[in-house]
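Beneath this line is the structure, given in structure tokens, with notes to follow.
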Ligand code: GBH
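Numbering (full-length UniProt numbering), first residue to last: 4 to 455.
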């Protein structure tokens, strides 16, 4: 363990931020308590076939009732920071109107518990749980949702802004737009490419408007961020159709978000591709200025990277096998792609500090007769990926922190409770939490960096 920790962290700066991450719907449960109303995920989970075994987040890890103990668990890992998300329909039921004091109070107590233990709260305002009423009014393809999101951000700031400095607006807008409105694998389960592109623009607009609202309300400077899921996209060969396929995958996966956020305009090649498909980004005058509101930090969520082949025109990207080992999600394990991605972002979008807001893996854990989960596969995944971050830093990437996904096993969206991403095991019958070997390694590794 010692050797491995030293190697993995050798290149990281001394003030590197270590953390663990979760999201509201995946852990909280208590979906009908203290005034919370349904989100699109409560609805989606009831659609036959949408989620494996028709599972849902009604109870999840029961974190809503176990929060103080869970904060103790987090403190025991010795992390600097805890990344969690706020449930919009808890704080502003229905997505409109006044704040629900009881709902907001839960997060206020969470922040106090964390600060009391010297743990920095890293707040994400939106991790996919849109109030159902806003979906009924059109959801993210509808422009008004962006304004509603900014209003909600302001309400949260009023309640927590005196104690929270770091604000992530959205978690993985690609997933909200593409899985939610194009592929239909996530809530609200719609399959309409045009709608997904309208969602992209309104998510980004919502990010910008919320960022401006937070800054307008802030008495002291805040740290504004957005979290994107990304990987490196490489062509399978130098055949023009493969090169074009990789360009397209990168365009819709990464540049359609980062270009407007950082450079203030959408990438021309992507806009041209969309036009050819009859899809439009519904840009209104002034939108790009709002979207490019200065970012203090870019959150990077990394799981895997792909190599693409292009078929016939228009060279739709098709991911091909790299013959690498996979996780329980069947995602190939590509730490080199992580290094490549971080170096590339630092070159193409210079001056933007990055924090890894999620990285981790699902494996089929086994509990032995002593209750131990010896998850050497997850431990290797995490240590290899921390080392990959180190390599990127050595090549000049400005990466300032790493959050393991996830603190504990939780509701893995369309996969229900089948896939376990936790470094802490959750027994869903008893709600007992047990540190896996990976959690012990992570704790010891963090400790060892402090002794440097
Ligand atoms: C994150 O999303 C979420 O933020 C988090 O809530 C979730 O629990 C966690 O990851 C684990 O899933 O099939 O090889 O093409 C992950 C976003 C986007 C990552 C799609 C994997 C496809 C991999 N995912 N991506 S592959």
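Glycine is no exception: its CB is placed at the ideal position from the N, C-alpha and C atoms.
Model, not experiment: these values are computed from the prediction.
Spanning the alpha carbons of residue 119 and residue 63 requires a straight line of approximately 26 Å. Using a Cβ-Cβ distance cut-off of 8 Å, the region 208 to 217 and the region 233 to 249 are not in contact, since fewer than three pairs of beta carbons, one from each stretch, lie closer than that value. Where residue 347 is concerned, the enclosing alpha helix (DSSP H) starts and stops at 338 to 351. Residue 70 is bridged by DSSP to nothing; it lacks a bridge partner. Distance from the C-beta of residue 306 to the nearest heavy atom of the ligand GBH is below 7 Å.
Sequence-distant partners of residue 117 (beyond 5 residues in either direction) whose C-beta falls short of 7 Å from its own C-beta, in its chain, are 74, 85, 124. Of the residues assessed, residue 29 falls on the buried side of the cut-off, its CB having 16 or more other CB atoms within 10 angstroms. Contact holds between the region 347 to 363 and the region 403 to 410, because three or more Cβ pairs, one in each stretch, are under 8 Å apart. Distance from the C-beta of residue 424 to the nearest heavy atom of the ligand GBH is below 7 Å. The shortest CA-to-CA distance from residue 308 to any of 202, 343, 316 is the one to 343. Here the alpha carbons of residue 139 and residue 162 stand approximately 27 Å from one another. Within the same chain, Cβ atoms closer than 8 Å to the Cβ of residue 397 are found at 14, the five residues on either side in sequence being excluded. Judged by DSSP in its simplified three-state form, residue 168 adopts coil rather than helix or strand. Contact between the region 46 to 53 and the region 87 to 95 is not established, with fewer than three Cβ pairs separated by less than 8 Å. A Cβ-Cβ distance of about 18 Å is found for the pair residue 60 and residue 97, leaving them out of contact under the 8 Å criterion.
The nearest non-hydrogen atom of the ligand GBH is less than 7 Å from the C-beta of residue 416. The shortest C-alpha to C-alpha distance from residue 292 to any of 318, 144, 272, 262 is the one to 262. In this structure, residue 170 lies away from residue 122, with their beta-carbon atoms at least 8 Å apart.
Taking C-beta separations shorter than 6 Å and ignoring five residues to either side along the sequence, the partners of residue 48 in its chain run 54, 59, following chain order.
Counting along the chain, the unbroken beta strand (DSSP E) around residue 302 starts and ends at 300 to 305. The DSSP assignment places no complete run of the alpha helix (DSSP H) inside the region 149 to 199 (cut-off: 4 residues).
Going by beta carbons, residue 159 and residue 229 fall outside the 8 Å limit. A residue is called buried once 16 or more other Cβ atoms fall within 10 Å of its Cβ, and residue 72, having fewer, is exposed. For residue 118, the uninterrupted alpha helix (DSSP H) run begins and ends at 104 to 119, by DSSP. Excluding the 5 residues flanking it on each side, residue 378 has same chain C-beta neighbours closer than 7 Å at 366, 368, 439, 440, 441, in chain order. Apart from the 5 residues on each side of it in sequence, residue 245 sits with its Cβ closer than 6 Å to the Cβ of 238, 239, 312, 313 in its chain, given in chain order. Judged by pairs of C-beta atoms under 8 Å, the region 249 to 267 touches the region 286 to 300, as three or more such pairs exist.
Of the residues 68, 99, 130, the one whose Cα lies closest to the Cα of residue 87 is 130.
By the CB criterion at 8 Å, residue 80 and residue 428 fall outside the cutoff.
Counting only residues of its own chain and dropping the five nearest sequence neighbours on each side, residue 103 has a CB closer than 8 Å to the CB of 37, 38, 39, 93, 94, 95, 96. Rounded to the nearest angstrom, the gap between the Cα atoms of residue 7 and residue 386 is 7 Å. Straight through space, the alpha carbons of residue 372 and residue 215 are spaced by roughly 54 Å.
The continuous beta strand (DSSP E) containing residue 21 extends over residues 20 to 24. A straight-line Cα-Cα distance of about 15 Å links residue 66 and residue 437. The beta-carbon distance between residue 190 and residue 43, rounded to whole angstroms, is 4 Å. This is short enough to meet the 8 Å contact definition. Per DSSP, residue 286 is not a residue of any alpha helix (DSSP H), being assigned neither H nor E.
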